[in-house]
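Numbering follows this note's numbering, in which position 146 of the sequence shown is assigned residue number 448; successive positions increment by one, without gaps. Built from N, CA and C at the ideal position, the CB exists for glycine as well. Report on the following structure.
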Amino acid sequence: MIEYKKAKKILLSSKIKIPDEKILIKNSLNRIASKNIYAQTNYPAGNNTAFDGYALKSNETSGLSNKNIKKFKIIKTLAAGDKPIIKKIKKFSAIEVMTGALIPKYFDTVLPVESAIFYPNKKKPKFILINKKIKKFNHIRFSGSDYKKGNKIISRGEVINSSHILAFKSLGIKKIFVKKKPVIIFY
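Here's what the structure looks like:
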């Protein structure tokens with residue numbers, strides 16, 4: 303029998319080749335990535351809202367104040383996953399947006415629902431009243447703000463943790479290559 307220190311020295315000086323295996327990401331926690339993994343797409347894929355609220359065009363709010371209030375007509379509601387295609391958008395229009403909804407190109411800012419003043423009432427609003435300038439890009443998450451196409455998610459040899467698994471799921475990665483678990487026998 304070899305003493306512990308000598309066995310450890312042999313192991314450290316030996317090249318142990320551990321083969322790779324492809325596994326589902328749900329089984330990859332605490333495993334060792336055997337290849338670099340890169341984002342294949344931007345995430346989020348398009349500009350979307352970080353809050354529930356109303357998408358507006360920011361320059362239409364210029365010059366508004368408590369003395370100069372403007373009604374913005376609510377023309378549609380968009381939830382996360384809805385296609386934001388709207389044919390004709392008139393000036394002073396608003397779209398109700400749920401968190402994660404893609405923002406149609408015409409709009410460039412979001413007023414959080416908590417800040418909205420409804421008209422004629424909160425139960426069945428047809429308009430929101432705006433009485434101040436709303437800054438451009440308010441509460442908007444931009445395409446690729448989390449991951450840009452080509453960003454390295456994990457490096458070869460790195461231990462996979464829960465944040466890596468979240469990134470894989472977000473990017474649609476279902477299987478990855480990891481090192482096989484070695485079988486060690488003591489006797």
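- Within the same chain, Cβ atoms closer than 8 Å to the Cβ of residue 484 are found at 318 and 320, the five residues on either side in sequence being excluded.
- Comparing alpha carbon positions, the residue from 469, 397, 428 and 342 closest to residue 452 is 342.
- For the pair residue 432 and residue 357, the CB atoms are not nearer than the 9 Å cut-off.
- Annotated three-state conformation of residue 306 is helix, per DSSP.
- The continuous alpha helix (DSSP H) containing residue 471 extends over residues 464-472.
- Spanning the alpha carbons of residue 450 and residue 408 requires a straight line of approximately 23 Å.
- Of the other Cβ atoms in all chains shown, fewer than 16 fall within 10 Å of the Cβ of residue 439; this residue is therefore exposed.
- Leaving aside the five residues that flank residue 352 on each side, the residues in its chain whose CB is nearer than 6 Å to its CB run, in chain order, 441 and 443.
- Shortest Cα-Cα distance from residue 360 to any of 354, 368 and 372 involves 372.
- In the structure shown, residue 460 falls within a coil segment according to DSSP collapsed to helix, strand and coil.
- Per DSSP, residue 479 is one residue of the beta strand (DSSP E) stretching across 477-481.
- The residues 345, in chain order, have a CB closer than 6 Å to that of residue 448 in the same chain once the five nearest residues on each side in sequence are set aside.
- Around the C-beta of residue 470, 16 or more other C-beta atoms lie within 10 Å, and the residue is accordingly described as buried.
- Bridge partners of residue 420 according to DSSP: 430.
- Using a 10 angstroms sphere on the CB of residue 458, the tally of other CB atoms stays under 16, which defines it as exposed.
- Here the alpha carbon of residue 398 sits roughly 37 Å from the alpha carbon of residue 456.
- Residue state for residue 411 is assigned as strand, using DSSP reduced to three classes.
- The shortest CA-to-CA distance from residue 355 to any of 365, 401 and 324 is the one to 401.
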